[in-house]
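My numbering numbers the first residue of the sequence shown as 37 and each following residue consecutively.
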Amino acid sequence: MREYLLTLCITAAVTYLLTGPVRKFAIVAGAMPEIRARDVHREPTPRLGGIAMFFGLCAGLLVADHLTNLSTLFEKSNEPRALLSGAALIWLIGVLDDKFEIDALIKLGGQMIAAGVMVMQGLTILWLPIPGVGSVALTQWQGTLLTVALVVITINAVNFVDGLDGLAAGMVCIAATAFFLYAYRIWYSYGIEAAAPATLFAAILMGMCLGFLPHNMHPARIFMGDSGSMLIGLVLAAGAISVTGQVDPDALKLFAGSEKEAVHQTVPVYIPLLLPLTIIAVPAADLILAIVRRTWRGQSPFAADRGHLHHRLLEIGHSHSRAVLIMYFWSALIAFGALAYSVNSASMWIVLGVVFLSTIGLVLLLLPRFTPRAPRWAEAFVPPRYRRRRASEEAEAAEAPESAAETDVQAAEGPRGPVSEDRTPVAAGVSGVNGASAVGPRARLADRSRPR
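The structure is reproduced here in structure tokens:
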């Protein structure tokens with residue numbers, strides 16, 4: 037455990053320290069695209085944050101290769117090298133897209149090639165645990181197609197959810213934490229060495245996300261871009277493939293009695309293995325809904341819009357930070373709920389706890405739809421927005437627009453009469469130090485306060 041934690045800390049430190057210089061490089065390189073109709077931020081923000089995350093990945097693998105216990109992993113398995121090869125290719129495609137915005141079909145082809153590179157080096161699905169049937173061995177072509185499909189789905193699911201500051205990095209970090217706990221349990225408790233690569237991948241992925249999050253939280257100073265979102269999606273898929281297709285369920289020694297009973301006993305174990313359907317269920321659901329929505333409208337499945345789950349949370353009335361926290365909550369509930377169920381499926385407390393937390397999540401989700409009013413005796417203990425407005429306050433609110441208009445007229449005339457037309461007005465909106473405004477004046481953009 038100590039070596040995994042050391043690898044995690046080194047990865048996070050390298051990612052965090054490199055993100056600042058990468059931000060300056062992105063500004064100089066011009067990787068600051070204009071704000072699009074589907075964007076939420078108000079000013080151009082540099083991308084290419086995936087550069088720092090990739091070097092964090094390289095640092096984590098390099099450190100793990102020189103540690104006593106983890107070094108044997110590189111000698112017995114070729115999976116870390118397969119991950120590095122696929123990650124380098126997908127990262128290069130993402131960097132080109134962040135700078136030049138390449139075509140979506142070209143990116144899709146690059147994702148398939150990156151997955152094929154990992155398959156060629158041994159990171160592939162060899163068999164599938166299917167409830168009611170058992171372990172089913174796959175042919176080479178079946179394993180290759182399934183591996184490529186899982187990689188492409190995971191990459192695009194993470195890429196689609198990357199729409200708010202800190203959203204993708206936080207959700208993937210939550211998923212990686214649950215996945216690390218599960219893979220470490222298989223490796224340590226059952227003594228299965230084949231789960232060690234997946235445990236290492238999850239630790240490195242946690243470090244990449246934790247190191248980048250301080251720079252990406254709202255208001256974000258840099259975005260990870262496609263070079264980061266596709267990279268962390270590929271690393272998450274690699275861990276899922278390593279556990280699902282490389283660990284033999286027979287080695288878990290859970291089979292007892294007939295084959296049917298043994299399959300039922302191991303069903304909780306299969307649940308976290310079928311990644312990313314459980315651990316990144318929220319991004320996967322967003323991906324499916326986006327494809328259905330765009331196809332129904334006659335658009336391309338890759339056409340961008342403002343119909344994602346995080347956009348809908350903003351339209352309901354949630355703030356930027358609250359929408360991100362709600363997405364964090366649901367991701368953690370699904371990921372850790374599946375993890376707890378895999379440990380002890382016979383406990384009803386786990387099911388009741390998940391149902392109770394789901395109810396709380398629904399209340400928080402629909403909270404902006406309701407405006408509760410506290411009784412008179414409790415108004416002193418609640419924020420002003422929950423207090424009842426008195427008749428005098430409503431009358432003052434009605435008179436406020438008229439008084440505001442008079443004040444504007446007086447301010448325009450000034451204390452010494454009307455302002456002369458030949459006087460040069462003082463420029464407003466001097467750039468600050470947040471985001472892209474640190475290198476130039478704020479861009480003149482249309483009012484985007486209302487969703488389109």
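The beta-carbon is built from N, C-alpha and C at its ideal position, and this holds for glycine as well.
Report the three-state DSSP secondary structure of residue i (helix, strand or coil).
i: A440; result: With a pLDDT of 49 at A440, under the threshold of 50, the predicted position of this residue should be treated as unreliable, though the coordinate-derived value follows. In the structure shown, A440 sits in a helix (DSSP, three-state: H, G or I).
i: G293; result: The predicted position of G293 is uncertain, since its pLDDT is 48 and thus under 50; no value can be drawn from it.
i: A173; result: strand
i: L103; result: coil
i: L369; result: helix
i: D198; result: coil
i: E111; result: helix
i: I258; result: coil
i: T460; result: Unreliable placement is indicated for T460, whose pLDDT of 42 sits below 50; no coordinate value is reported for it.
i: L97; result: helix
i: G85; result: coil
i: I362; result: helix
i: I327; result: helix
i: L272; result: helix
i: N192; result: helix
i: I277; result: helix
i: M68; result: coil
Under 9 Å, do residue i and residue j count as touching if we go by C-beta distance?
i: T235; j: F216; result: yes
i: L44; j: M253; result: no
i: M154; j: A48; result: no
i: L323; j: N192; result: yes
i: A376; j: L270; result: no
i: A231; j: V197; result: no
i: C245; j: I222; result: no
i: A276; j: L132; result: no
i: L120; j: L84; result: no
i: A65; j: K143; result: no
i: T183; j: L159; result: yes
i: I210; j: A321; result: no
i: M68; j: P57; result: no
i: A124; j: V50; result: no
i: K112; j: E39; result: no
i: L109; j: P255; result: no
i: I161; j: G146; result: no
Using 8 Å for Cβ pairs, my map puts residue i next to residue j. What's the rounded Cβ distance?
i: F248; j: M260; result: 6 Å
i: H356; j: L200; result: 6 Å
i: L393; j: I362; result: Contact doesn't hold; Cβ gap of about 13 Å is too wide.
i: G130; j: D262; result: 4 Å
i: Q157; j: A118; result: 4 Å
i: F365; j: G397; result: 6 Å
i: I258; j: H251; result: 5 Å
What first and last residue would you give for the alpha helix (DSSP H) that runs through residue i?
i: L119; result: E115 to F136
i: S355; result: S355 -> no alpha helix (DSSP H), and no H or E assigned at all.
i: H251; result: A232 to N252
i: Q147; result: A140 to M156
i: W223; result: L203 to S225
i: M384; result: M384 to L402
i: G334; result: Per DSSP, G334 belongs to no alpha helix (DSSP H) and is neither H nor E.
i: I63; result: R38 to A65
Per DSSP, residue i is paired with what?
i: G186; result: First, the amino acid is wrong: residue 186 is Leu here, not Gly. DSSP lists no partner for L186.
i: L164; result: V172
Determine, using beta carbons only, whether residue i comes closer than 9 Å to chain D.
i: K143; result: No chain D appears in this structure, which consists of one protein chain only.
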